[in-house]
Amino acid sequence: MSTVESNRTRATSGNEEGLRRKYAKERAKRLRPEGIAQFHHLSEALGKDPFTPIVERKPLTDHVTFTFIGGGLAGLLAGAQVRQSGVQDVRIVDTAGDFGGVWYWNRYPGVMCDTPSLVYMPLLEETGYIPTRKWAYGPEIREHCKRIGQKFGLYDHALFHTKVEEIIWQEDDLRWLVVTNRGDRFTSTFIGIGLGPLSEPKVPGVPGIEDFAGKSFHTSRWDYAYTGGTPEGASMDKLRDKRVAIIGTGATSVQAVPQLARDARQLFVFQRTPSGVDARNNAPIDPEWFRSIATPGWQKRLDDNYVANWEGVYGRPGPDIKVENLLDDNGFCQIAQRIRFAILSVPPEELSPERLRVALEESDDAAMERIRARIDEVVEDSRTAEMLKPWYRQLCKRPCFHDEYLQAFNRPNIHLIDTNGRGVERITPRGVIANGVEYDVDCLIYATGFDYSLNVLGSMSFEVTGRDRLTLRNAWSDGTRTLHGMHVHGFPNLFLVQLAQGGFFALNAPSGWADAARTIASIVGHAVNHHYREVETTREAQNSWVEWLLTAGVQWASEDCTPGYYNQEGRKPDPYLVGYPAGTKKFFAYIEAWRASGEFDGLKFR
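Taking numbering that gives the first Met the number 0, the leading residue of the sequence shown gets 0, the next gets one more, and so forth.
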């Protein structure tokens with residue numbers, strides 16, 4: 000039930016100009032002059048690992064051939080590929096207590112992946128594992144991360160609960176020195192960095208967070224000792240007599256709210272911007288269907304098909320392009336097919352930027368009107384339904400898919416507190432103030448997401464110092480500059496796994512990480528087999544790549560979108576944080592040919 004009147008007005012279906020004005024109005028009320036600075040990183044108390052105790056160990060001063068900073072899927076894939084290239088001394092370093100990255104930390108109730116499990120969970124053929132459902136839940140993905148680590152011997156040299164403080168190039172020894180908070184000072188010939196865009200949790204920068212007298216935690220540090228229950232779905236029985244507040248209504252909240260509404264005595268959901276929530280229709284993987292496609296190379300074929308479904312979204316596809324949705328994905332593939340169909344609906348002789356814009360907007364209008372109409376169908380209280388409606392383009396915020404979120408608002412114990420785009424005002428010892436009203440609660444949960452970054456600097460809390468004492472931060476002071484998003488002049492033997500300046504604007508993030516892992520392993524293997532001690536991009540190759548991207552690169556999100564992490568809270572897009580102009584599929588083809596040639600054009604081996 001709703002506890003706050005909504006001031007929103009319904010845009011008239013079919014009134015395109017009215018809809019544009021509605022979108023602009025909703026965007027404007029959410030713009031904040033401080034932009035992304037309105038959020039803060041977690042305090043030491045909120046950031047503590049509640050899952051795994053820290054094991055004391057002696058500092059390391061040894062040497063390894065390859066080190067990867069980050070123990071999520073990017074690090075696991077890079078480590079596995081480098082091991083397969085013949086290099087055995089591979090070390091992965093992470094602040095978490097085990098492998099998994101975002102899946103290690105995010106154990107909130109209901110956590111699941113919104114990408115089909117058969118393509119999201121990598122190395123399934125290699126490990127012999129088949130996911131149980133079309134869209135996997137977090138515990139299953141976390142166990143698979145551990146399975147990869149065990150299969151490829153990545154636990155042998157791994158350092159967990161270890162925070163890198165500095166990485167320094169040693170010119171005399173042609174290797175990197177890695178300094179950590181555990182007293183380590185070990186060296187490594189090659190370094191990879193891939194911390195992921197969702198590695199730094201954030202909370203709203205409102206007064207009083209430290210003053211709250213009850214229990215509080217971020218969703219990525221879920222405290223089951225307080226709530227009861229388990230990540231696998233057992234009832235959070237300790238909340239039965241508790242008043243719980245959750246701040247945020249993004250993808251995390253969409254998954255957690257139904258579980259909280261089921262178990263808490265009272266649940267208050269504080270909303271700045273509603274998510275667009277479509278149906279999920281999750282189900283077990285059909286064993287008969289799987290047997291029909293499970294011939295050698297099946298996962299690569301499914302992954303190629305999933306990537307191909309985005310073909311033509313970045314630019315006009317050929318008129319004969321037909322991409323089958325092999326996974327029957329009713330989520331991102333369906334969105335991509337809608338966009339591609341809209342592009343192809345414009346006859347070539349009528350093609351112009353304005354005509355294309357109109358076609359895309361008309362397609363988006365229909366999709367979002369359907370999503371808003373679904374809210375009216377599912378949510379019984381009309382005021383609550385109105386407040387849950389998203390007024391922005393479908394890809395301005397991460398699309399959500401769930402079969403219980405909207406239904407949860409029909410429960411009598413749930414209260415939607417819509418802040419009309421302003422967010423909560425402050426935290427008090429007793430609870431939360433929003434719209435001038437104080438809500439007393441026992442438990443406060445921050446579902447406020449992460450400091451999303453398209454390049455590695457945004458997720459790095461340490462400095463990388465390359466040749467001539469140049470830091471990566473200073474090297475990029477005028478903009479991110481790489482070759483292929485991975486190599487930086489002045490930083491030999493360093494590999495970056497990031498979204499910007501490569502082909503990683505993909506439907507499926509592990510597709511990009513797997514491709515990066517193949518590139519890293521090819522280069523490291525080539526260097527080791529030919530006894531090279533250094534590999535570095537030339538300044539000319541780097542500059543040529545960046546200049547080309549600046550003229551034709553694909554932006555991640557528009558500043559015209561409603562503020563959110565996709566567009567850095569409404570900030571003007573950084574022209575350097577772009578993707579490969581022709582899209583992910585063509586980037587993968589380009590870089591595969593680049594690797595296969597054995598020439599590694601643009602790199603110098605010494």
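Backbone N, C-alpha and C fix where the C-beta goes; we use that ideal spot for every residue, glycine too.
- In the pairwise beta carbon analysis, the region 395 to 413 is classified as touching the region 274 to 281: at least three pairs are separated by under 8 Å.
- A distance below 7 Å between beta-carbons, with the five flanking residues on each side excluded, links Leu122 to the following residues of its chain, in chain order: Ala79 and Ile147.
- Ranking Asp285, Trp104, Leu76 and Val101 by CA distance to the CA of Ile91 puts Leu76 first.
- Take the alpha-carbon of Leu453 and the one of Gly127: they are about 33 Å apart.
- Selection Val577, Thr518 and Phe461 evaluated against Thr161 yields Phe461 as nearest (Cα-Cα).
- In this structure, Leu176 lies away from Thr188, with their beta-carbon atoms at least 7 Å apart.
- Here the alpha carbons of Ile167 and Lys145 stand approximately 30 Å from one another.
- Across the structure, Asp61 and Asn105 are spaced so that their CA atoms are roughly 32 Å apart.
- Taking a C-beta distance under 7 Å as the contact criterion, Met111 and Tyr136 qualify as a contact pair.
- Under a 10 Å Cβ-count criterion, Leu153 is classified as buried, with 16 or more other Cβ atoms of the shown protein chains found around its own Cβ.
- Taking the C-beta atoms as reference points, Ile413 is found nearer than 7 Å to Leu266.
- Looking at the DSSP output, Val523 bridges to nothing.
- If you draw a straight line from the Cα of Arg20 to the Cα of Gln500, it comes to about 34 Å.
- CA-to-CA, the gap between Gly597 and Ala520 works out to about 13 Å.
- Taking every protein chain shown into account, the CB of Gly435 has fewer than 16 other CB atoms within 10 angstroms, so this residue is exposed.
- One thing to note: Ala255 has its Cβ no nearer than 7 Å to the Cβ of Pro346.
- Leaving aside the five residues that flank Ala244 on each side, the residues in its chain whose CB is nearer than 6 Å to its CB run, in chain order, Phe267, Val431, Val440 and Leu443.
- Taking Tyr579 as the centre and dropping the five residues before and after it, the same chain places the C-beta of Gly502 and Phe586 closer than 6 Å to its C-beta, in chain order.
- Approximately 27 Å separates the beta-carbon atoms of Lys584 and Thr537; this is outside 8 Å, ruling out the contact.
- Under DSSP, His217 shares a beta bridge with Tyr445.
- Beta-bridge analysis with DSSP links Tyr438 to Val431.
- A straight-line Cα-Cα distance of about 14 Å links Ala233 and Asp222.
- For Ala366 and Val101, the gap between their C-alpha atoms comes out near 30 Å.
- By a beta-carbon distance limit of 8 Å, Arg239 contacts Asp262. Their separation comes to about 7 Å.
- Taken in chain order, the complete alpha helix (DSSP H) segments of 4 residues or longer contained in the region 125 to 206 are 137 to 150.
- Contact between Pro230 and Pro138 holds: their C-beta atoms lie close to 5 Å from each other, under 8 Å.
- Under the 8 Å Cβ criterion, the region 187 to 206 counts as touching the region 47 to 67, having at least three qualifying pairs.
- In the DSSP assignment, the residues bridged to Gln270 are Asp417.
- By the neighbour-count definition (other C-beta atoms within 10 Å, threshold 16), Val54 is an exposed residue.
- Of the candidates Ala307, Pro203, Leu549 and Glu546, Ala307 places its Cα closest to the Cα of Phe331.
- When Phe98, Thr131, Gly195 and Arg132 are compared, the shortest CA-CA separation from Lys150 is found for Phe98.
- At the C-beta level, Arg31 and Val205 stay beyond 7 Å of one another.
- If you look at Arg90, you'll find it in the beta strand (DSSP E) that goes Val89 to Val92.
- Contact between Val455 and Ile192 holds, since their C-beta atoms are separated by about 5 Å, short of 8 Å.
- A Cβ-Cβ contact shorter than 7 Å links Ala433 with Thr418.
- As the crow flies, the alpha-carbon of Val202 is around 11 Å from that of Ser219.
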